[in-house]
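First comes the structure, then the notes that go with it.
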Amino acid sequence: MNPAAATHRIEIGFADRSPDELMELSRGRGLSLNLPEMAAIQKYFNALGRDPTDAELETLAQTWSEHCNHKSFRASVTHTEKDELGMDRCRKYKNLLKETIMRVTEELRRPWCVSVFKDNAGIVSYDGDRAIAFKVETHNHPSALEPYGGAGTGLGGVIRDIMGAGLGARPIASTDVFCFAPLQGQKRGDRGRRLSTRRIFHGVVSGVRDYGNRMGIPTVNGAVYFDEDFADNPLVFCGTVGILPVSAVHKEVRPGDRIVMVGGRVGRDGIHGATFSSDSLSDGIPSSVVQIGNPIVQKKMMDALLQARDRRLYRGVTDCGAGGLSSAVGEMGAETGASVSLERVPLKYTGLTPWEIWLSESQERMVLAVPPENMDELRLLLSDEDVECSDIGEFTDDGRLRVNYRDERIVDLKMSFLHDGVPKRQLKSFWSPPPQKAFPNPTLRALRDSTHLQSILMKVLAAPTVASKEWIIRQYDHEVQGRTVLKPLVGVQQRGPGDAAVLRGDPPSMAGVAVSNGLCPHFSRWDPYWMAASAIDESIRNLIAVGARLDRVALLDNFCGGDPQTPKCMGELVRAAQACYDVALAYGTPFISGKDSLNNQFVDRASGGKRSIPTTLLVSAIAGVDDIRRLITMDFKRAGNWIYVLGTTRDELGGSQYGRLLNTPGGEVPRLDPKETIVLYERLSEAIHRGWVVSCHDCSDGGLGVALAEMAIGGAMGLHVDLDRVPVSPDLKAQERDDKILFSESNGRFVAEVPSTQARRFEGHLQGVSFARVGQVRENGRIDMVGLTRGKYSWSLRQVETAWREGLTP
Amino acid sequence: MIVRALVIRCAGTNCDEETAWSLEEAGAQPDRVHVNRLVRGEKKLQDYDIVVIPGGFSYGDDIASGKVLANQLLNRLRSPLEEFVKSGRPLLGICNGFQVLVKCGLLPGLDGEDFRIRVTLAENDSGRFECRWSYLKVASRRCPFVKGLPSVFPLPVAHGEGKFVPESSSFLTALEKRGQVVFKYADAHGRLAGYPWNPNGSVGHVAGLCNPAGNVLGLMPHPERHAFPHQHSHWTRLSRQPEHGVGFQIFKNMVRHAMEWKERN
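Here the protein sequences come in this chain order: A and B. For the first sequence, the numbering used here assigns the number -14 to the initial residue and increments by one for each residue that follows. For the second sequence, the numbering used here assigns the number 551 to the initial residue and increments by one for each residue that follows.
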């Protein structure tokens, strides 16, 4: 296209296209629309008696993209499942999202849920007139292509979500969760033109580091998961927590308000980001789909906008993310109408066609709805902070989206068609449980050989998913803003992995907010239902372990999956979503925000082969804490204190770190009975609140063995534990398997340290739940265990610590 | 008596709020002001009793840490700054603020040769940004703002360019003799130790400097991140919590110093 041509209005011939030709257009332009969607567009314009312009088509493709519209999650789904007897059971969902995740929140009606599932982030009140906004986003496709820029702008984008939550929240913390292929063992030449995993890993870590640190937002919580499943499809989740006055939670747009674009300029970076991320990855995607970030531009904008918020200079705000102005203005003006003059948008360089200006995802921009009388004051404030702004149009009352470029109308669409015209997807989904296999039995000799078990613990500790993430964590400023009272690394020399991070709110208040996550993608290969249930439980356990309370917990869901058009992938999603409903409802923990990123599959154009990730649910959890002074950390505190194991250990080794070490598809995946665990969680947080527990750690990846070792490392202390005392299910008891007790990843378990002076009160308080005193903290720098058949195991703390700290070799 | 504290910020400053909070808690009235407003003369340095340049990434630290803001101060605010320092009022630079003070030559700022740059803060030996807690040993009591600080105390660092490098070893010796090396990195027992206690490989373990008069102090670690006790890296291991974190003492001393200065002038 020639930008110098006299006309900027370019119509795309549409009226007479056959279905095949429609799809050819969709593919050719990278619209990622399917046939019913293209047909709906054809019908709309045929009724008008004209063809759509390029800008109209792009606007529709962006608004209807999987990324912006979540049409698979909102689809009506016919779900078929094989039950344990091999019988087909069928269930229909009219709208999967509304009938599972959103339904929990609706049924629970927590009074502290101030704004859920409608704004840029979920908002909960936590301390009188203060509220917390929390949002987690994925940036998977961009990070696969250009890891540094992709991950950096992923974080930058979610920070803007928080800056656009309500009338804008102040970001106080970020989270980062990554899934990569293992860094070791990749053969040269395997990758073709694709980036090596190590390069993706380094790029992603430094991208998040440089954006987050420069924004002055502490990165306080995260996880890194390594599995071959994520080769070619790395997952990058970035989350941000913000704080705002309750009075600034609600926003509005009124006809006559000016549409003001604030922040960076527009270039050709990030064109088609929204539609590209709604499709499979393959070789040969142009890197121009990835945005270029500049955190200082965003920091300036944030400083200025928070002042403008407090002076009430604008009424509405949203971020320019995927889909650029098209998405931001289209969303803000959905109820009113909007008219934009694109030539007023400041550009980085000339040569952009109008639709590129409209769709560009150039970063660090926000759109405001400003009453005309406030424009002068706003301009002055922004120029004081060196922030550029431009008045690009106004919100109208005609329910239309109109976009002009130099007196030519390039978009004229009904808002109702834009937002509600997308045909509802009808999807079929199917799931059947994989064939059951037994967990392998090591030879009897190996079992009795104590060195066998000893080396397993060392290997599990050194597994990169379990090993210390200190190399990454230290590159993030986790202290800036001075709020981080429970840090990602805790203990004597800050080596222990904290369960949840806690940020203090605004002083002098002692209230704060605890943040954690849960992620167990590997369980999906067994059953996505228990994968999701386990992720929810893990995120909640992490909060309980520091002393937060269950009735204050709110959850965020981030689903990643393969192609939703294939019934198997969709079936996994349905099962996971159903678990979200069942478990969250039982725990009384509402979902307040969520996002899905589908089509995480790589298509090798040469061979035609497809690789898809297992359905992965990241659960991020947050809880208001009334008094941060009552919280505890996971590092052992004092020799002589008792060690307790809380919760029941079962024969659930399927998908465990131990199972992966043995490379076995066998064993049962961990299940969960919230009715049982909920009592434990409530009692435990009460015990912590009363000061009876001095350290507590949840058992997750690597099970009890890893939890005990990590507590010893955190406190630089030894321990002595009798495995015979660990509360186990009857069938496990009968097996006399020390390895299973140490490495089962059953949900709902903790290790707690209690001073002997508090033991009686603690034990009395826990009557009725599954728990036992199993040993004692020691000063001797050794980890000693006695097995079920009286076998003795002993490790030096130094040896264990080295394995764990050096497992992740970047 | 009102002690007015100026917290200078610019694009990329990001520790201004918690620094202002520490100053307020210490009894001052903090004012966070964009450097543009000082340059335009809308706010004047002379109207303040304390000036602090807080941490962050001023202008992205794109040339070298603190360099652009340092040049801005030198070229646009040189004489008011000079006047402020000569008057004896407290000026503190934390982390990026310390880098700014070093890069405009206000530190170590030997008498008679102000604004000459004779030391620098270079990239960490590790080659990475690092956030961790270390210990500081008070190496000199020449600076009045260290009064009452224990001889060894914990503070966090968070920077990528914090390695102190003097122009020569004899210059470092001269600085030490004059008592201008205020803080050194150490382990918990006050022994001058290597990485990670010396987190960036600073020559002579230098973590903070003052000018010869003692009223200009700069340090890489963050006292404002240990202003209340629950910021401590392992407060959950301590049996009792003090009223304030140890870093708070520096702000308290500055406010007291400013009050005394006001009484004298």
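Note that the Cβ used here is the ideal one computed from N, Cα and C, for glycine as well.
query: Going by DSSP, what residues sit across from I108 of chain A in a beta bridge?; result: A:S100, A:A118
query: Apply the 10 Å Cβ neighbour rule to T569 of chain B and answer buried if 16 or more other Cβ atoms are within range, or exposed otherwise.; result: buried
query: Should N815 of chain B go down as buried or exposed, given a rule of 16 or more other Cβ atoms within 10 Å for buried?; result: exposed
query: Based on DSSP bridge pairs, tell me the residues matched to H682 of chain A.; result: A:V736
query: What does the alpha-carbon distance come out to for the pair S181 of chain A and Q411 of chain A?; result: 38 angstroms
query: Look at the alpha carbon of K718 of chain A and the alpha carbon of E69 of chain A, and state the distance between them as a whole number of angstroms.; result: 25 angstroms
query: Can you tell me whether K660 of chain A is buried or exposed, with buried defined as 16 or more other CB within 10 angstroms of its CB?; result: exposed
query: Apart from the five residues on each side of it in sequence, which residues of its chain come closer than 7 angstroms, Cβ to Cβ, to A(-10) of chain A?; result: Because A(-10) of chain A carries a pLDDT of 49, less than 50, the predicted location of this residue cannot be relied on, and the following value inherits that uncertainty. Excluding positions up to five away in sequence, the list is empty.
query: Could you spell out the range, first to last residue, of the alpha helix (DSSP H) harbouring S368 of chain A?; result: 360 to 369
query: Could you check what DSSP says for L558 of chain A in three-state terms: helix, strand or coil?; result: helix
query: Kindly indicate the opening and closing residues of the alpha helix (DSSP H) around I39 of chain A.; result: Checking the sequence shown, residue 39 of chain A turns out to be Asp, not Ile. 39 to 48 is the extent of the alpha helix (DSSP H) around D39 of chain A.
query: Put S783 of chain B into one of helix, strand or coil per three-state DSSP.; result: coil
query: Quick one: is A708 of chain B near chain A, going by C-beta distance under 8 angstroms?; result: yes
query: By Cβ distance, which residues of its chain are closer than 7 angstroms to Y598 of chain B, with the 5 residues on each side in sequence left out?; result: R554, A555, L556
query: How would you label L365 of chain A, buried or exposed, when you count the other beta carbons within 10 angstroms and need 16 or more for buried?; result: exposed
query: Can you tell which of A:G792, A:A46, A:R675 has the C-alpha that lies nearest to the C-alpha of Y406 of chain A?; result: The sequence as given places Gly at residue 406 of chain A; Tyr does not occur at that position. It is A:A46.
query: Would you kindly report the start and end of the unbroken alpha helix (DSSP H) that includes K580 of chain A?; result: Careful: K580 of chain A lies outside any alpha helix (DSSP H), inside the beta strand (DSSP E) at 576 to 582.
query: Please list the terminal residues of the continuous alpha helix (DSSP H) segment that includes A606 of chain A.; result: Not the alpha helix (DSSP H): A606 of chain A falls in the beta strand (DSSP E), residues 601 to 610.
query: Out of A:K777, A:E738, A:L81, which has the shortest C-alpha to C-alpha gap to K409 of chain A?; result: A:L81
query: Please classify F665 of chain B as buried or exposed, where buried requires at least 16 other C-beta atoms within 10 Å of its C-beta.; result: exposed
query: Quick one: which chain A residues come within Cβ less than 7 angstroms of G606 of chain B?; result: G201
query: Compute the distance between the beta-carbons of V109 of chain A and V245 of chain A, then report whether it is under 8 angstroms.; result: no
query: In chain B, what lies closer than 8 angstroms to D112 of chain A by C-beta?; result: Within chain B, no residue comes near D112 of chain A; the closest Cβ sits about 16 angstroms away, beyond 8 angstroms.
query: How would you label T742 of chain A, buried or exposed, when you count the other beta carbons within 10 angstroms and need 16 or more for buried?; result: exposed
query: Would a check of beta-carbon distances place W747 of chain B closer than 8 angstroms to chain A?; result: no
query: With 8 angstroms as the threshold, decide whether the Cβ of Q283 of chain A is near any Cβ in chain B.; result: no
query: Anything in chain A within Cβ reach of W571 of chain B, meaning under 8 angstroms, just list it in chain order.; result: G467, P492
query: Buried or exposed for D288 of chain A, going by 16 or more other Cβ atoms inside 10 Å?; result: buried
query: Is E393 of chain A helix, strand or coil by DSSP?; result: strand
query: Quick one: grab the DSSP three-state call for P696 of chain A.; result: Note that residue 696 of chain A corresponds to Met in the displayed sequence, not to Pro. Looking at M696 of chain A - three-state DSSP - the assignment turns out to be helix.
query: In its own chain, which residues sit with a C-beta less than 6 angstroms from the C-beta of G776 of chain A, not counting the 5 before and 5 after it?; result: S435
query: Give every residue of the same chain whose Cβ lies closer than 7 angstroms to the Cβ of L793 of chain A, excluding the five residues on either side of it in the sequence, and list them in chain order.; result: P449, A452, S453, K454, W456
query: Compile a chain-ordered list of the residues in the stretch 779 to 799 of chain B whose CB is closer than 8 angstroms to at least one CB of chain A.; result: H780, Q781, S783, H784, W785, T786, R787, Q791
query: Give me the Cα-Cα distance between N621 of chain B and C654 of chain B, rounded to the nearest whole angstrom.; result: 7 angstroms
query: Output, in sequence order along the chain, the residues in the stretch 662 to 689 of chain B whose CB is closer than 8 angstroms to any CB in chain A.; result: R678, F679, E680, C681, R682, W683
query: Contact defined as beta carbons within less than 8 angstroms: I believe S755 of chain A pairs with G632 of chain A. What is the distance between those atoms, to the nearest angstrom?; result: 6 angstroms
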